[in-house]
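Participant: Dropping a structure here in structure tokens format, bear with me for questions.
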Amino acid sequence: MKKLRIGIAFFYHESHSFAPLKTDIQAFYDEGYFKGDEIFTAYTDTKTEVGGFLDVLNRFKEIEIVPLLCAAATPSGMVTREAFDQIEQEMLAAIGDAGQLDGLLLALHGAMVVEGIFDPEEKLLREIRGLLGSEIPIATTLDMHANLSADMLKHTAYHFGFKTYPHVDMYDQGVKAARIMVEHVLEGNRYESAFIKLPMMPPSINMRTEEGPMQEMIQLALELETDSSIKNASVFGGFPYSDIPMVGASVLVIGKDKLSARNAAKRLSNKFWELKEDFIMNLPSVQEGMNLAVGMEESKPIVLADISDNPLSCGSGDTTKLLQEFIHVNAPKTLFGGLTDPESIKRCRNAGVGSIVELEIGGKTSPEFGQPVKVNAKVVAISDGVFYNSGPFNQHLRVDVKGAAYVQVGELDILLIGRPMSANDPEMFRHIGIEPTSYKIMGLKVKNHFRAAFDPLISKVIYVDAPGVASNDLSHFPYKNIPKDIWPLKDIQYSVEEEA
Numbered sequence: 001m002k003k004l005r006i007g008i009a010f011f012y013h014e015s016h017s018f019a020p021l022k023t024d025i026q027a028f029y030d031e032g033y034f035k036g037d038e039i040f041t042a043y044t045d046t047k048t049e050v051g052g053f054l055d056v057l058n059r060f061k062e063i064e065i066v067p068l069l070c071a072a073a074t075p076s077g078m079v080t081r082e083a084f085d086q087i088e089q090e091m092l093a094a095i096g097d098a099g100q101l102d103g104l105l106l107a108l109h110g111a112m113v114v115e116g117i118f119d120p121e122e123k124l125l126r127e128i129r130g131l132l133g134s135e136i137p138i139a140t141t142l143d144m145h146a147n148l149s150a151d152m153l154k155h156t157a158y159h160f161g162f163k164t165y166p167h168v169d170m171y172d173q174g175v176k177a178a179r180i181m182v183e184h185v186l187e188g189n190r191y192e193s194a195f196i197k198l199p200m201m202p203p204s205i206n207m208r209t210e211e212g213p214m215q216e217m218i219q220l221a222l223e224l225e226t227d228s229s230i231k232n233a234s235v236f237g238g239f240p241y242s243d244i245p246m247v248g249a250s251v252l253v254i255g256k257d258k259l260s261a262r263n264a265a266k267r268l269s270n271k272f273w274e275l276k277e278d279f280i281m282n283l284p285s286v287q288e289g290m291n292l293a294v295g296m297e298e299s300k301p302i303v304l305a306d307i308s309d310n311p312l313s314c315g316s317g318d319t320t321k322l323l324q325e326f327i328h329v330n331a332p333k334t335l336f337g338g339l340t341d342p343e344s345i346k347r348c349r350n351a352g353v354g355s356i357v358e359l360e361i362g363g364k365t366s367p368e369f370g371q372p373v374k375v376n377a378k379v380v381a382i383s384d385g386v387f388y389n390s391g392p393f394n395q396h397l398r399v400d401v402k403g404a405a406y407v408q409v410g411e412l413d414i415l416l417i418g419r420p421m422s423a424n425d426p427e428m429f430r431h432i433g434i435e436p437t438s439y440k441i442m443g444l445k446v447k448n449h450f451r452a453a454f455d456p457l458i459s460k461v462i463y464v465d466a467p468g469v470a471s472n473d474l475s476h477f478p479y480k481n482i483p484k485d486i487w488p489l490k491d492i493q494y495s496v497e498e499e500a
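Sequential numbering from 1 applies to the sequence shown in the numbering used here.
This is how it looks when you write it as structure tokens:
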């Protein structure tokens, strides 16, 4: 019996239109660039979307898995046209060289922006659809922060958004996408979708799904999925740092028929609009946040989260406003990291463990958000910067931060890393001999993903309003391409019924 051949691919980037660093092809090579059978080695037994694809498809002897191309880069500035064109061309070539495919599973982000292309994932899908023809099924996974466009739905109805933030269900959504593919190719099942775009781009700081407005949205989505006519309901908060016409929130429902899907999508949209004001948070200043932390008596560490420079929100990871406050306070049992500074790591490596070295740390990529800080630091440890995530976010995935140095400045311990990477897993610290649970106050370059692994280890998170490209205040950004009438930048009236 001839096997059904299902291709798997991955092209992932979250792009900040105002971030100073462009995302070139080297950024993809540094994070993860795998072709053919390399994909099996990289993603088998990982709790990722591709890991989910593999686990489902491997259960069916009637299916042959065809690994194509997987490319991912850490969130940062817009992807260069050269990098996008290269990856797109290599992916299309891999599909063309693969021979007859009976389906394609594709992990995307949904908030990629490319120089000269507002909706690159739609362009990629359009090109793939042109190669495969109109009858071959395609299913994608998408980040909760996808800026999904209506044009994406022209190429496939099957899009599955994450339902958790921190994103600990990437694997689960990969499983769901693979299952609908199996239903389609083996059982002949077909589904319809309904999509509604809302005129809002809420800040992501209050999108955690364990509490607050996004928890309510996901609860409603799960409730809708208990109806036998609804296959999947996705809620997309959007990524507000993308200066594009299709920025912002949306909902997508996959159902057995168009009417059922549409009615469910309208319920979700009405709820989303009703809750919009709950996404707004007012944050303490750096000094106010530090004063709060110093005054607390807790048995576990307190985290001051430097959200405006969170690398997974496209921050450079090297702003120094919060770092300066930690050095100024010079309190015992304090930790700061990971601060991106490959130059200082090189100086530490040259000086050697145990040495005292003069450094100017941070502030090299984004000096407008804080100049480099001159310190005399003791070099405690040096590493190659490679570790494996132990927490639930991207569990078991290999991470390479391109070198790391553990230094002490007065009472403060600092972790320097070689490239921007959110401190989302304690192994970032433990791999070099730092135990996060031994501190009273930690300053971390994070937003929400870190809580998946750190919440059991800490007592309190204080989000602080430090300067950076991922500021919680969207009025700071010089938008040119977003819709003219969009909340919260403009107070507008909106009716889902009128839109529908």
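Glycine included, C-beta positions come from ideal geometry on N, C-alpha and C.
From L69, P467, L198, pick the residue whose C-alpha is nearest to that of D97; which is it?
Facilitator: Residue L69 is the option with its Cα nearest to D97.
Participant: Look up P67 in the DSSP assignment and say whether it is helix, strand or coil.
Facilitator: Here P67 sits in strand by DSSP.
Participant: Do Y439 and L514 count as a contact pair if the criterion is CB distance below 8 angstroms?
Facilitator: Residue 514 cannot be examined here, being either before or after the span of the chain that is shown, 1 to 500.
Participant: Roughly how many whole angstroms lie between the Cα atoms of P311 and P75?
Facilitator: Cα to Cα, the separation comes out at about 6 angstroms.
Participant: Which one of T164, V251, D102 has the shortest CA to CA distance from V185?
Facilitator: Comparing Cα-Cα distances from V185 to each of T164, V251, D102, the minimum goes to D102.
Participant: Quick one: Cα of Y33 to Cα of H159, how far?
Facilitator: C-alpha separation (whole angstroms): 23 angstroms.
Participant: Once DSSP output is grouped into helix, strand and coil, what is the label at L474?
Facilitator: If DSSP states are grouped into helix, strand and coil, L474 belongs with the helices.
Participant: Please classify A500: is it buried, with 16 or more other beta-carbons within 10 angstroms of its beta-carbon, or exposed?
Facilitator: Confidence is the limiting factor: at A500 the pLDDT is only 44, short of 50, which leaves the residue's position unreliable and the question unanswerable from this model.
Participant: Out of Q408, E411, I417, H476, point me to the one whose CA is closest to D400's CA.
Facilitator: Among Q408, E411, I417, H476, the Cα nearest to that of D400 belongs to I417.
Participant: Just to confirm, is the Cβ distance from A146 to A194 under 8 angstroms?
Facilitator: It is not a contact, given that the beta carbons lie outside the stated cut-off.
Participant: Check A500 in the structure and name its three-state DSSP category.
Facilitator: Note that A500 scores a pLDDT of 44, beneath 50, so its modelled location is shaky; the value from the coordinates is reported in the next line. Coil at A500, not helix or strand.
Participant: What is the DSSP secondary structure of L101, counted as helix, strand or coil?
Facilitator: L101 falls in the coil class under three-state DSSP.
Participant: Using the Cβ count rule (16 or more neighbours within 10 Å means buried), how would you classify Q173?
Facilitator: Per the 10 Å Cβ criterion, buried.
Participant: Pick helix, strand or coil for I244, following the three-state DSSP scheme.
Facilitator: It is coil, neither helix nor strand.
Participant: Identify whether R81 lies in helix, strand or coil by the three-state DSSP scheme.
Facilitator: Correct three-state label for R81: helix.
Participant: Go through its chain and collect everything with a Cβ distance to I432's Cβ below 6 angstroms, but skip five positions before and after it.
Facilitator: These residues qualify, in order along the chain: A381, S383, A404, Y406.
Participant: When DSSP labels each residue in this structure, what does I492 get in the three-state scheme?
Facilitator: In the structure shown, I492 sits in coil (DSSP, three-state: anything other than H, G, I, E or B).
Participant: Which same chain residues, not among the five before or five after V175, have their C-beta less than 6 angstroms away from its C-beta?
Facilitator: Cβ neighbours of V175 beyond the five flanking positions: G52, V56.
Participant: Determine the extent of the alpha helix (DSSP H) in which R347 is found, giving its start and end residues.
Facilitator: It spans 342 to 351 - the alpha helix (DSSP H) in which R347 sits, taken as one unbroken run.
Participant: Taking only three categories from DSSP, how would you classify K176?
Facilitator: K176: helix per DSSP, three-state reduction.
Participant: Buried or exposed: which applies to E62, given that a residue is buried once 16 or more other Cβ atoms fall within 10 Å of its Cβ?
Facilitator: Label assigned to E62: exposed.
Participant: Applying the criterion that 16 or more other CB atoms from any shown protein chain within 10 Å of the CB defines a buried residue, is I492 buried or exposed?
Facilitator: I492 is exposed by the Cβ-count criterion.
Participant: Residues in its own chain within less than 8 angstroms of K402 by CB, not counting five upstream and five downstream?
Facilitator: If we look at K402 and ignore the five residues flanking it on each side, its Cβ neighbours are D30, P342, G385, I417, G418, R419.
Participant: In the structure shown, what three-state DSSP assignment does D309 receive?
Facilitator: It is helical.
Participant: Compute the Euclidean distance between the alpha carbons of L148 and G238, then round it to the nearest angstrom.
Facilitator: The alpha-carbon atoms of L148 and G238 are separated by roughly 7 angstroms.
Participant: Is the beta carbon of I95 closer than 8 angstroms to that of G7?
Facilitator: Yes, the Cβ-Cβ distance between G7 and I95 is below 8 angstroms.
Participant: Look at the alpha carbon of F60 and the alpha carbon of L125, and state the distance between them as a whole number of angstroms.
Facilitator: C-alpha separation (whole angstroms): 26 angstroms.
Participant: So what's R398 in DSSP terms, helix, strand or just coil?
Facilitator: If DSSP states are grouped into helix, strand and coil, R398 belongs with the strands.
Participant: From P67 to F84, what does the alpha carbon distance come to, in whole angstroms?
Facilitator: Cα-Cα distance, rounded: 20 angstroms.
Participant: Assess contact between the stretch 298 to 310 and the stretch 318 to 335, defined as three or more Cβ pairs (one per stretch) separated by less than 8 angstroms. Is contact present?
Facilitator: Yes, since at least three Cβ pairs between the stretch 298 to 310 and the stretch 318 to 335 fall closer than 8 angstroms, the two stretches touch.
Participant: Can you check which of these residues, P332, T164, N291, is closest to I462 by C-alpha distance?
Facilitator: Per the Cα distances, N291.
Participant: Looking at the structure shown, is R262 part of a helix, part of a strand, or coil, going by DSSP?
Facilitator: In the structure shown, R262 sits in a helix (DSSP, three-state: H, G or I).
Participant: Pick out whichever of S250, A221, T44, Q26 has its Cα sitting closest to the Cα of N394.
Facilitator: N394 has its Cα closest to that of T44, out of S250, A221, T44, Q26.
Participant: Can you check whether the CB of A452 is closer than 8 angstroms to the CB of V168?
Facilitator: Yes; because the gap between Cβ atoms is below 8 angstroms, this pair is in contact.
Participant: Look up T41 in the DSSP assignment and say whether it is helix, strand or coil.
Facilitator: Three-state DSSP puts T41 in a helix.
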